[in-house]
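Student: Oh and the sequence shown: position 435 is 1020 in this note's numbering, straight run, nothing missing.
Even for Gly, the Cβ is constructed at its ideal location relative to N, Cα and C.
All values reported here derive from a predicted model rather than from experimental measurement.
Pasting a structure here, questions to come.
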Amino acid sequence: MRRFRPRPRLALAGALLLSLLCATAALALDGAGEPAPSDLESMDLEQLTNLKVETVYGVSKFEQVVTEAPASVTVVTSEEIKRYGWRTLADVLKATRGFFTTYDRNYSYIGTRGFNRPGDYNTRVLLLVDGHQINDAIYESAAIGTEFVLDMALIDRIEIIRGPSSSLYGAGAFFGVINVISRSAKQLEGVEAGGSWGSQQTGSGRISYGKIFNGGEFLISGSGYSSRGNDRLFFPEFNDPSTNNGIARNMDRDRSYSLFASGHLRDFTLAGALVSRDKRIPTASFGTIFNDPRTNSNDRRSYLDLKYEKAIDGTGITARLFYDEFRFTGNFPYDKTGDDPPFYPATYVNRDQHLARWWGAEVQGSRQLLPRLQLTGGARFRDNYQIDIPNFDRVPGGRSLENSHQNVFYALFGQAELRILDSLILNAGVRYDHYETFGGATSPRLALIYTPVEGTVFKLVYGQAFRAPNAYELYYNDVFNGYATSLSLKPETVRSYEAIYEQYYGDVVRTSASLFYNKIDNLISYQDLSPTQVAFANVERVRALGGEFEIEGQWSSGFAARSSYGFVSARDQGTDQSLDYSPRHLVKLNLTAPLYLKKVFAGVEMQGVSRREFSHNGAQVASPGYLVTNATLSSTALFPGVEASFSVYNLLDRRLEDPATTDHVQSLIPQDGRTYRLLFSYRF
């Protein structure tokens, strides 16, 4: 498939931003005309112990407070999405501690804790919607751009869980889990219409309806999106009259539509979703013809999920039955060469037309067995009964490769949470997965959570995870363009050690610090078999050592602030060199302030990513570090039923470039300059 693919002063900038956050918070509170609730010296014991702690489900597959979850967790709310004007999941992750993204003008790729491999279609992070796995059955990719299955306006909250989670979720939960929880009909209650307009002739529309009835509720929503994109992208590598002087015109178009529905009746919940996205590819990757509008990719993802949830004699039972489908169509135009059959036209289109269908079931039970012991266990089965990944030339009588497979896997998992003392929790879990392709994999997780005093939390977490080679890596065979099968691939593995310290100051301020060490083996990457042929192979080992710090506060005045700094040193053990595409420093700052009666808010965010070095077609290059600023003005309830926001992205119009993979002639991919968006919704 052809979907492939700050320097030390940023550390100082991180410290300055943290200082700025504290100073700004103090000024905001002093100007409020009332005692500052964040002034710890003025707080009494009752205020200090009145903690506002969020709950999370995805860490242990049952509801628990974040302070007792065996992981470092960030919960993003729908309110934050509105206040900062986040358009996609990629926008959310860019603003989240320890994460960064890369965009190649086709897909957005997740980077976390120094790791962002070329050709990795987000296969090392598990993406869920209401507990349903979104990663597909061919590439195991997590869609975080405009191809994501859920409209951002339908999100209630997002749980971002760091660290290996294969002990509960199996393959894919390599570096973490992102669990997106959708809004309920109760939150909607009626009809809601929304739309947006912005730069690059970008527009969207949505209509949603929620209804509550005796014993149940249902919600249905439809959305559409269209963007002309950047209609004049310049690539100096193609700066020649024969290739339009390096200018890709009208080649950045992006269109999509999506449908989502969910219904709840007594103990049953039925949900379904569909998204279809078509994107032109302006970069001429894979040696395609530059500035040819036939170059495009189309992703279509859908699912149905039936869930049963009930407490029976003190045991919480959850059972799930699901059906999924994924289609990818990629069109890639080429000039005829001497290796092509003589009857081929001067230019022709090569097509990937991939299809996967699968179904499965999962059952889970959770019970408080003793006053201090909670057990969770379950089983999962999935049948990938149709995996078609053919490749052919769209020429009558042209070359064609059929490529069909099927496979099944099953898994058993269990977890125990023992409250040894009121202040000490031991969490231990293990999962066994069995695949037809390579056999079995066992994934443990062990955590100690210690709360010596109210508001102070220490966590020690050890986890082991794996990533199974996906169908694309195993079976894709395009001999015409030099790609061979890799049937002997083994799973990637990671062993992670993490120490976490969290401190809460009343219900206002929280700080978090963590140190982590990851040992990654059997990384799957391209390997040259000959000068004209490549295949996937287990060829790399990586060691990564890093740390993260975050401080955040939220005040009754409506002011909120969050700032974080992350550092990581990731090295390829084979070459003893820094890992390609890995930034050492990440800096984040988010500020929200009420401007009028807590109905109009200003939101500002700053994101800093340090220099990323990498090898590209035999040369050592780097994408420059950057600090980008976004700003949003939003209103809620200023007028009955109306919500609106106006956002400016890359406010200072910085020149931004992301690294390209070896599938591109160019080494750097230009990003958008200053753009804007007006978003509104009305609830009837």
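Are at least three pairs of beta-carbons, each pair with one atom in the segment 810-829 and one in the segment 781-793, less than 8 Å apart?
Tutor: These segments touch.
Student: Please state if the CB of A1145 and the CB of E1137 are separated by a distance shorter than 9 Å.
Tutor: In this structure, A1145 lies closer than 9 Å to E1137 by Cβ.
Student: State the DSSP-derived secondary structure class of V1250, mapped to helix, strand or coil.
Tutor: The answer is coil: DSSP assigns V1250 none of H, G, I, E or B.
Student: Hey, could you find the ends of the beta strand (DSSP E) D909 is sitting in?
Tutor: D909 -> beta strand (DSSP E) spans 900-920.
Student: Does the structure place the segment 643-652 close enough to the segment 1189-1209 that three or more beta carbon pairs sit under 8 Å?
Tutor: No: fewer than three Cβ pairs fall under 8 Å.
Student: Per DSSP, what are the beta-bridge partners of G1025 in this structure?
Tutor: G1025 pairs with H1019.
Student: Which of the three DSSP states is assigned to F871 in this structure?
Tutor: Three-state DSSP puts F871 in a helix.
Student: DSSP three-state call for A675: helix, strand or coil?
Tutor: Correct three-state label for A675: helix.
Student: Can you check the segment 706-753 for any beta strand (DSSP E) of at least 3 residues that lies completely inside it and give the ranges in chain order?
Tutor: Segments of the beta strand (DSSP E) lying fully in the segment 706-753: 710-714, 740-747.
Student: Hey, could you find the ends of the beta strand (DSSP E) V1057 is sitting in?
Tutor: The identity of residue 1057 in the sequence shown is Tyr, whereas the question assumes Val. Element bounds for Y1057: not the beta strand (DSSP E) but the alpha helix (DSSP H), 1056-1060.
Student: Quick one: residues in its chain with C-beta nearer than 6 Å to the C-beta of Q1000, no 5 flanking neighbours on either side, listed in chain order?
Tutor: Answer for Q1000: T961, G1014, listed in chain order.
Student: Please state the DSSP three-state secondary structure of G563.
Tutor: Summary: the structure shown does not reach residue 563, with the chain confined to residues 586 through 1269, and so no result is reported for it.
Student: Do R905 and Y893 have their C-beta atoms closer together than 9 Å?
Tutor: Yes; because the gap between Cβ atoms is below 9 Å, this pair is in contact.
Student: Pairs of beta-carbons, one from the segment 818-825 and one from the segment 838-856, closer than 8 Å: are there three or more?
Tutor: Cβ pair count under 8 Å is below three, so no.
Student: Have a look at V1194, G1143, G1188, V1124 and flag the residue whose alpha-carbon is nearest the alpha-carbon of T1160.
Tutor: Closest by alpha carbon: V1124.
Student: Short of 6 Å in beta carbon distance, which residues of its chain neighbour S657, apart from the five on each side in sequence? Order them along the chain.
Tutor: So the list reads R747, I1085, S1099, once near-sequence residues are dropped.
Student: Our contact map puts V1127 next to I1105 with C-beta atoms below 8 Å; I'd like the distance itself, whole angstroms only.
Tutor: That pair is a contact at about 4 Å.
Student: Do A833 and T873 have their beta-carbon atoms positioned less than 9 Å apart in this structure?
Tutor: Against a cut-off of 9 Å, the Cβ pair of A833 and T873 comes out as no contact.
Student: Less than 6 Å between C-beta atoms, sequence neighbours within five positions excluded: which residues of the same chain meet that for V1233?
Tutor: So the list reads A1216, Y1261, once near-sequence residues are dropped.
Student: By DSSP, does V650 sit in helix, in strand, or in coil?
Tutor: V650: strand per DSSP, three-state reduction.
Student: Taking just the CA atoms, how far does Y1082 sit from I743?
Tutor: The alpha-carbon atoms of I743 and Y1082 are separated by roughly 24 Å.
Student: Taking contact to mean 3 or more Cβ pairs, one atom from each stretch, closer than 8 Å, check whether the segment 986-1003 and the segment 1050-1061 are in contact.
Tutor: A contact exists between the segment 986-1003 and the segment 1050-1061.
Student: Thinking C-alpha only, which one of S1097, V1185, Q1205, D937 is nearest Q1162?
Tutor: Out of S1097, V1185, Q1205, D937, Q1205 has the C-alpha closest to the C-alpha of Q1162.
Student: Which runs of the beta strand (DSSP E) at least 3 residues long sit entirely within the segment 1083-1148? Give them in chain order.
Tutor: You should have 1094-1115, 1118-1139.
Student: Taking the continuous beta strand (DSSP E) assigned at Q971, which residues delimit it?
Tutor: Element bounds for Q971: 958-973.
Student: Check the C-beta distance from L711 over to Y754 and give it rounded, since I have them as a contact under 8 Å.
Tutor: Sure, about 5 Å apart at Cβ, within 8 Å.
Student: Considering only heavy atoms of the ligand NAD, does any lie closer than 8 Å to the CB of S870?
Tutor: Looking for the ligand NAD in the displayed structure turns up nothing, as the structure carries no ligands at all.
Student: Considering only residues of the same chain and omitting the five flanking positions on each side of V1250, which have a CB-CB separation below 6 Å?
Tutor: Excluding sequence neighbours, V1250 sits near E822.
Student: Looking at the secondary structure, which residues open and close the alpha helix (DSSP H) in which A770 lies?
Tutor: Counting along the chain, the alpha helix (DSSP H) containing A770 begins and ends at 770-773.
Student: DSSP three-state call for E894: helix, strand or coil?
Tutor: E894: strand per DSSP, three-state reduction.
Student: From I766 to E732, what distance separates their C-alpha atoms?
Tutor: Their Cα atoms are separated by approximately 17 Å.
Student: Indicate the three-state DSSP secondary structure (helix, strand or coil) for S1154 in the structure shown.
Tutor: Residue state, collapsed to three classes: strand.
Student: Hey, how far is the Cα of S1230 from the Cα of A680?
Tutor: If you take the alpha carbons of S1230 and A680, they lie about 18 Å apart.
Student: Would you call the CB atoms of A551 and V948 closer than 9 Å?
Tutor: In the structure as shown, the chain begins at 586 and stops at 1269. Residue 551 is therefore absent and cannot be evaluated.
Student: Suppose you measure from the CA of G670 to the CA of R840; what does that come to, to the nearest Å?
Tutor: Roughly 20 Å separates the two Cα atoms.
Student: Got a sec? Which residues, its chain only, sit under 6 Å from S769 by beta carbon, not counting five neighbours each side?
Tutor: Around S769: no qualifying Cβ.
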